[in-house]
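In terms of the numbering used here, the sequence shown is numbered consecutively and its last residue is 962.
All C-beta atoms, glycine included, are put in the ideal place defined by N, C-alpha and C.
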Amino acid sequence: RQRQMCIRDRHLTGGTISAESIRRSLAQQASQVVLPKPMSGQTVLVDATKVKAGSKERGEPVYLAITAEPGPAKHRRPTCRKQLVHLHVGNAKPLKRQLKAMGATHVVHDGGEGLAGCAEHIQRCRWHLGHQLKHYLWMDGVPHDFRSAFKETTSNILSDRGKGPQRYERWQTNLKSLGLINAAGHLKNAAEEAFTHLKEPFAYIDTSPLEREMRELNRRADVGARWTPKGLENVLKVMFHQRLNETSTGVT
């Protein structure tokens, strides 16, 4: 990756810049990045993805957190105003500490990490909650052709702003009575965070505004080589800070 950057810079500048100079420059820029704290009531979206970094065979997770709120109309298409508030490569502990330290009040996440106690109001992403059910149905031995029907019923219940919580509890009981212990357990574990949005206003109740950023993160990280965790963190922090925090609009 660094060699490619050196070749590109030679063409642009007519000279050469060493890989070590690039590394030091990025590290310095990353150390100077000051990320904003979310305002009270702002919705913070959290997600993670594995990248080819570090010594572990499957790599290391990158945790990304942004604030998101609907932006102005743009060519009759919905827009979203985003700001980066946290990014790191490694385990989930720094993310949890940062959510508490920044005083996040409203957090939406996909359930990959338990974030109880990290914010006052926590909402599970409805799309992920329904989609992940398929994995637990597989664990329970449900044939592939039947899993989508269970998933659709779950999604319908999660979208019911009237009787959703009551239907959710009955559906959980029904799955358990059918012997689908893993699927029922999945819903039970998410129960406390499945309908938080009915009591507290969230700008978004799924992580869809963050998915575009996760795709961009994977595209930038997947360069056919293995990164050092800190080196990748520096590159991504500088890139997303410029992409989301230093633009004049911050709207995508």
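N-terminal and C-terminal residue of the alpha helix (DSSP H) that residue i is part of
i      : result
Ala894 : Ile891 to Ala904
Ala811 : Lys803 to Ala811
For residue i, three-class secondary structure by DSSP
i      : result
Arg768 : coil
Tyr914 : coil
Glu779 : strand
Lys792 : strand
Arg871 : coil
Leu888 : coil
Val818 : strand
Ala694 : Since the first residue shown for the chain is 711 and the last is 962, residue 694 is missing from the structure and cannot be characterised.
Val945 : helix
Lys844 : helix
Leu745 : coil
Ser735 : helix
Thr957 : coil
Lys909 : coil
Ser750 : coil
Continuous beta strand (DSSP E) stretch holding residue i: start and end
i      : result
Asp757 : Thr753 to Val761
Gln833 : His831 to Arg834
Bridge partner(s) assigned by DSSP for residue i
i      : result
Trp937 : Ala763
His854 : DSSP, once it has assigned bridges, lists no residue as partnering His854.
Leu797 : Leu774
6 Å Cβ shell around residue i - same chain, five flanking residues per side excluded
i      : result
Tyr773 : Ala758, His798 and Leu805
Trp837 : Asp916
His819 : Val756 and Leu825
Gly764 : Glu770 and Pro939
Leu796 : The sequence shown places His at residue 796, rather than the Leu named in the question. Counting only Cβ-Cβ distances below 6 Å, and skipping sequence neighbours, we find Ala775 and Gln808.
Ser750 : Thr815
Other residues of its chain near residue i: CB distance less than 7 Å, five sequence neighbours each side excluded
i      : result
Leu954 : Ile776, Lys792, Gln793, Leu794 and Gly960
Gln842 : Gly821 and His896
Leu847 : Arg857, Phe860, Leu890 and Ala893
8 Å Cβ shell around residue i - same chain, five flanking residues per side excluded
i      : result
Pro780 : Pro788, Thr789, Cys790, Arg791 and Ala913
Inter-stretch contact (C-beta, 8 Å, three-pair minimum) for the segment 868-885 and the segment 898-911: yes
Meets three-Cβ-pair contact criterion under 8 Å: the segment 927-934 and the segment 846-859: no
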